[in-house]
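If you count by the numbering used here, then the sequence shown holds residues 2 to 87, one letter each, in order. We treat Cβ as the ideally placed atom computed from N, Cα and C, and that holds for glycine. First the structure, in the form of structure tokens, and then the observations on it.
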Amino acid sequence: MSGVNRRAEQRYGNLVNSMDFVTEQLGPIGKLIDRMRDNPAPPGSWRVTPPDELKKMLAAVQTKLTALKDTAVKYETELKTREWKV
């Protein structure tokens with residue numbers, strides 16, 4: 002196997018490992034959001050996004066990450082055999 006293919010396989014492996022790492026980090030974030038309570042702040046002070054909105058954002062991230070993983074699996078052979086372009 003050529004050096005380009007090894008490099009492409011390594012990059013694909015890094016991509017998969019990175020997606021797995023992010024997926025693992027989303028669990029604790031979800032638990033943190035579950036422990037939050039809505040605490041409205043007075044006008045002009047710092048505000049934190051309400052837990053309900055954070056849950057929606059987290060769900061959207063999980064959906065997009067799943068779609069990215071599915072796409073990576075779909076194109077795995079191509080990603081492992083071709084040189085990646087940025």
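Take residue i as the anchor and find which of the options has the nearest alpha-carbon.
{"i": "Asn18", "options": "Ala73, Trp85 and Trp47", "result": "Ala73"}
{"i": "Arg48", "options": "Lys70, Glu54 and Asn40", "result": "Asn40"}
{"i": "Leu29", "options": "Lys56, Gly45 and Ala42", "result": "One point to set straight first is that residue 29 is Pro, not Leu, in the sequence displayed. Looking at the Cα atoms, Lys56 is the closest of the given residues."}
{"i": "Arg36", "options": "Ala42, Lys70 and Pro51", "result": "Pro51"}
So, is residue i buried or exposed, given that buried needs 16 or more other C-beta atoms within 10 angstroms?
{"i": "Tyr76", "result": "exposed"}
{"i": "Glu84", "result": "exposed"}
Starting from residue i, trace the alpha helix (DSSP H) both ways and give me its first and last residue.
{"i": "Met58", "result": "Pro52 to Lys75"}
Say whether the region 22-36 touches the region 61-72, bearing in mind that this needs 3 or more beta-carbon pairs closer than 8 Å, one atom from each stretch. Result yes; three or more Cβ-Cβ pairs closer than 8 Å.
Should the region 48-61 be regarded as contacting the region 8-19, the criterion being three or more beta carbon pairs within less than 8 Å? no
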